[in-house]
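**Student:**
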Amino acid sequence: MHAILFELKRAFLATRKYLDERLQKYDITLTQFDIIEFLAKNGETEQRVLQLKFGITSACLTRTIESLVTNGWIEQYESPRDGRVKLVVPTPNALRIVEDIKRYEAFDIVEKCFKGFSSAEILELETRLHHLAVNMGDKSINTYR
1 MHAILFELKR AFLATRKYLD ERLQKYDITL TQFDIIEFLA KNGETEQRVL QLKFGITSAC
61 LTRTIESLVT NGWIEQYESP RDGRVKLVVP TPNALRIVED IKRYEAFDIV EKCFKGFSSA
121 EILELETRLH HLAVNMGDKS INTYR
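This is the structure we're talking about:
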């Protein structure tokens, strides 16, 4: 493996581990948080849109949605227009947890990840990582831009 690919993987795994550890006290995984944060911003959403947005398999999304429903973070129901389409919406508990995590965790997480980086370097890194993802065929949508 090329050294830069190793470092990219290493940075991803370390960041993922750190984020999961920070979210553990809320009894939620990073993937679950990503989904409820998206739903908090966008409201009722077709389940298939989440699959496209996050670039995850149908099976993985189904398991994650089931867990979120069981834990009371989201509600899932059939579309009144098309029974084949499943819709999901965040619960009031999900909206509260998103706000709590943003309020109490986000700043510390960003500070830890980008310690020693200038604002320009962070922006450049974001641009380069986006370019890399596109080169690799990723079609997910960055709603943070």
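With full-length UniProt numbering as the guide, the letters of the sequence shown map in order to residues 1 to 145. Ideal placement from N, C-alpha and C gives every residue a C-beta, glycine not left out. The structure displayed is predicted, hence computed values, not measured ones.
1. What are the complete alpha helix (DSSP H) segments, minimum 4 residues, inside the UniProt domain "HTH marR-type" (1-134)?
2. Using only the alpha-carbon positions, how far apart do T15 and E111 sit?
3. In terms of alpha-carbon separation, which member of E21, D20, F33 and I4 lies closest to S67?
4. Go ahead and label F38 buried or exposed: buried means 16 or more other beta carbons lie within 10 angstroms of its beta carbon, across all protein chains shown.
5. What's the gap between the Cα of S134 and the Cα of N42?
6. Using CA coordinates, which residue listed in K115, R128 and Q47 is at the minimum distance from R84?
7. Among the residues of its own chain, which have a CB less than 6 Å from the CB of S79, if the five just before and after it don't count?
8. P90: buried (16+ other C-beta within 10 angstroms of its C-beta) or exposed?
9. Do you know whose CA, among H2, E124 and W73, lies nearest residue 200's CA?
10. Between the alpha carbons of R81 and A106, how many angstroms are there, rounded?
11. Quick check on the burial criterion: 16 or more other C-beta atoms within 10 angstroms. Buried or exposed for A59?
12. Please classify A94 as buried or exposed, where buried requires at least 16 neighbouring CB atoms within 10 angstroms.
**Tutor:** Let me spell this out:
1. 3-24, 30-42, 47-54, 58-70, 92-104 and 106-113
2. 12 Å
3. That would be F33, whose Cα lies nearest to the Cα of S67.
4. buried
5. One point to set straight first is that residue 134 is Val, not Ser, in the sequence displayed. In a straight line, the C-alpha of V134 is about 24 Å away from that of N42.
6. Q47
7. For S79, where only same-chain residues beyond five positions count, the Cβ hits under 6 Å are V85 and L87.
8. So P90 ends up on the buried side.
9. Nothing about residue 200 can be reported from this structure: the residues present for the chain run from 1 to 145 only.
10. Roughly 38 Å separates the two Cα atoms.
11. Counting Cβ neighbours within 10 Å, A59 comes out exposed, since fewer than 16 surround it.
12. buried
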